[in-house]
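Participant: For what it's worth, the numbering used here labels the leading residue of the sequence shown as 779, then goes sequentially.
Here you go, one structure.
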Amino acid sequence: MQLLVTRSSMTGFVVFDYAARYPEAVAELAGWLRSGALRSMEHVVTGGIEKFPEALLELFAGKNFGKYVLAL
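This is the structure in structure tokens:
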């Protein structure tokens, strides 16, 4: 609503427009991961499939961070 009130504009892009550059991006991101400049965060829930209902509720409650993984 603020965009309308302030007569602002917002422009985005479609990631598929850059599909030809995916290999370049993967190489650069991999380098950042190796050097530690970029860290991958994972929230791992252990306990098997029995934990799925609880894990799903946590996901929708916003209690997770990063990639949410249920370890089977």
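Cβ coordinates follow ideal geometry from the N, Cα and C atoms, glycine included.
If you're wondering where the values come from, they're calculated on a predicted model, not measured in any experiment.
I believe Y846 touches L837 by the beta-carbon criterion, under 8 Å. Please report the beta-carbon distance rounded to the nearest angstrom.
Facilitator: Numbered from its first residue, the sequence shown carries residue 846 at position 68. Numbered from its first residue, the sequence shown carries residue 837 at position 59. Between L837 and Y846 the Cβ distance is about 6 Å, and since that is below 8 Å, they are a contact.
Participant: May I have the straight-line CA-CA distance separating Y796 from M788, to the nearest angstrom?
Facilitator: By one-based count along the sequence shown, residue 796 stands at place 18. By one-based count along the sequence shown, residue 788 stands at place 10. Roughly 20 Å separates the two Cα atoms.
Participant: Short of 7 Å in beta carbon distance, which residues of its chain neighbour K829, apart from the five on each side in sequence? Order them along the chain.
Facilitator: Reading the sequence shown from its first residue, position 51 is the one you call residue 829. These residues qualify, in order along the chain: V823 and L848.
Participant: Any idea what DSSP makes of K845, helix, strand or coil?
Facilitator: Looking up residue 845 in the sequence shown gives position 67. Correct three-state label for K845: strand.
Participant: Excluding five sequence neighbours on each side, which residues of the same chain lie with their C-beta closer than 7 Å to the C-beta of G814?
Facilitator: Translated into positions along the sequence shown, residue 814 becomes position 36. Correct list: empty, nothing qualifies.
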